[in-house]
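To start, the structure under review is shown below, and the notes come after it.
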Amino acid sequence: MSDRLSMGVEVILTPKSSQKQNTAVQGLSTSEDILNRRKLDLCAVPKTEVLTRDQVPELQTPVYKGPVISPTGIYVLDRSLGGGLPLSSMIYFSADPRSMAEVFLYEFTQSRKTYYFTTGRRPKYIMRDIINQNLDPSHITFVDIYSEYYFTPTGNMIDNVGNEYVDSKIIEFTEYNLQNIQGDAGDEHINIIFDNFSFFMNLNVNAGLLKRFTNIIYEISKETNSMVYLYSLKGCYDESLENEVLNASDVIFDVSVDHSRDHVISKLAIPKIRGMVPNSDVLKFKVSEGVQIDTSRDIA
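If you're matching positions, the sequence shown starts at 1 in the UniProt record's numbering and goes up one per residue.
Okay, here's the thing in structure tokens:
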């Protein structure tokens, strides 16, 4: 429909429905243009640069430098191991409680600064035994887990064994001290000794908490220049629980005691050392002013 204006200009009046239709058609056309442009963009694969044989970079073979070997502090043992053990190792020391193998721990403290976690006795008694072995205790800082667990703040002995709440809190207390040690250690080479770790494996806590605790110890051994010794007494806990710790450990020391008709023989085997070839020899030893290791082949 059209009207005539006085100026002689013709104006075409479009119905509203037609205006909407035109707008929709224009919008559809615009959408199709965008979609087509996208298809073109997706189809436009950039040209890949092809390298000639002379331009192909040579593959670099990674150089394995091997672990940093750290002495244990026992000369004869280090010599049989080729200098010591890999630094930053978590070492599980499984011992027959009749062997007096804790003297190995005392010897280990002589090599460097040592943080000594006590769970079975007060530090003053361990200090006395170290001195009686004619060893120097000046490099040792004790962390007294024993008193924290078995004594009240006023010094009275209490029975916390089997208390799940107290058991979980003692792990929390130990973790707190480990984190402080990690923060203080810096680049210094240190020992961290648990005498004994059986205490923790016998706590009334769920397996997940103990696994987390073991993982924290393992991580700290790797994040510091440390040797972490987990001294453990044979036959004190569930075998499957011990296997978890054995699997995580980098090094395993195994001390056993044999009885012959005439005498007792203490033996040390080291069946596992990550980063090194394990020593296949079984070493005899005796305790007399420290650890005296017999390197002879005859161990009968």
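Where is the CB? At the ideal position from N, CA and C, for every residue including glycine.
Measuring alpha carbon to alpha carbon, tell me which of Q182, A95, E148, G155 ends up nearest Y218. Nearest option by C-alpha distance: Q182.
Compute the distance between the beta-carbons of S198 and L233, then report whether it is under 8 Å. Between S198 and L233, the C-beta spacing is below 8 Å.
Length-filtered (3 minimum) beta strand (DSSP E) runs lying within the stretch 124 to 186: With a minimum length of 3 residues, the continuous beta strand (DSSP E) runs that stay inside the stretch 124 to 186 are 140 to 144.
Using beta-carbon positions only, say whether K251 and K272 come within less than 8 Å of one another. According to the sequence displayed, residue 251 carries Val and not Lys. Their beta carbons are under 8 Å apart, which means V251 touches K272 by this criterion.
Three-state class that DSSP yields for T214 in the structure shown: Here T214 sits in helix by DSSP.
Inter-residue spacing [alpha-carbon to alpha-carbon] between G66 and A101: Distance between the alpha carbons of G66 and A101: 30 Å.
Report the rounded CA-to-CA distance for D254 versus Y92, giving the unit in angstroms. Near 8 Å, if we compare the C-alpha coordinates of Y92 and D254.
Residues of its chain near V45, where Cβ-Cβ distance is below 7 Å and the 5 sequence neighbours each way are ignored: Here the model assigns V45 a pLDDT of 47, short of 50, so the residue's position is not dependable, and the following value carries that caveat. Around V45: no qualifying Cβ.
If you draw a straight line from the alpha carbon of F108 to that of G208, how long is it in whole angstroms? Distance between the alpha carbons of F108 and G208: 31 Å.
What distance in whole Å lies between the Cβ atoms of D96 and V257, which are believed to be in contact at a cut-off of 8 Å? Indeed they touch by this definition, with Cβ atoms about 5 Å apart.
Where D238 and T119 are concerned, what is the direct C-alpha to C-alpha distance, given to the nearest angstrom? As the crow flies, the alpha-carbon of D238 is around 19 Å from that of T119.
Quick test of the definition: if touching needs 3 or more C-beta pairs under 8 Å, does the stretch 156 to 168 touch the stretch 113 to 133? Contact annotation: the stretch 156 to 168 does not touch the stretch 113 to 133, with fewer than three C-beta pairs closer than 8 Å.
Taking only three categories from DSSP, how would you classify M101? In the sequence on display, residue 101 carries Ala and not Met. Coil.
Based on the DSSP secondary-structure assignment, which residues constitute the bridge partners of V257? For V257, which the question treats as bridged, DSSP gives the partners S266.
Less than 8 Å between the beta carbons of G84 and P71, yes or no? Using a Cβ distance threshold of 8 Å, G84 and P71 count as a contacting pair.
With a threshold of 16 other CB atoms inside 10 Å of the CB of S260, please say whether the residue is buried or exposed. The residue in question, S260, is exposed, as its Cβ has fewer than 16 Cβ neighbours within 10 Å.
Where does S296 fall in DSSP's three states? In the structure shown, S296 adopts coil according to DSSP, grouped into three states.
By Cβ distance, which residues of its chain are closer than 7 Å to N279, with the 5 residues on each side in sequence left out? Cβ neighbours of N279 beyond the five flanking positions: S80, L81, I270.
How far does the beta strand (DSSP E) with Y115 in it reach, from first residue to last? Looking at the DSSP string, the run of the beta strand (DSSP E) that includes Y115 is 113 to 118.
Between I170 and E148, how many whole angstroms is the CB-CB distance? I'm expecting something under 8 Å. I170 to E148, Cβ: 7 Å. Contact.
Just how far apart, CA to CA, sit L268 and V228? Roughly 18 Å between the two C-alpha positions.
DSSP three-state call for I74: helix, strand or coil? In the three-state scheme derived from DSSP, where H, G and I count as helix and E and B as strand, I74 is classed as coil.
How would you write the range of the alpha helix (DSSP H) that M201 sits in, first residue to last? Unbroken alpha helix (DSSP H) run through M201: 198 to 201.
Between which two residues does the alpha helix (DSSP H) holding S249 run? Run containing S249: none; DSSP gives neither H nor E here.
Going straight from the alpha carbon of D136 to that of N191, what length do you get? If I take the Cα positions, the gap works out to 15 Å.
Beta-carbon proximity check, E188 vs K113, cutoff 8 Å: If you check the CB distance, E188 and K113 come in under 8 Å.
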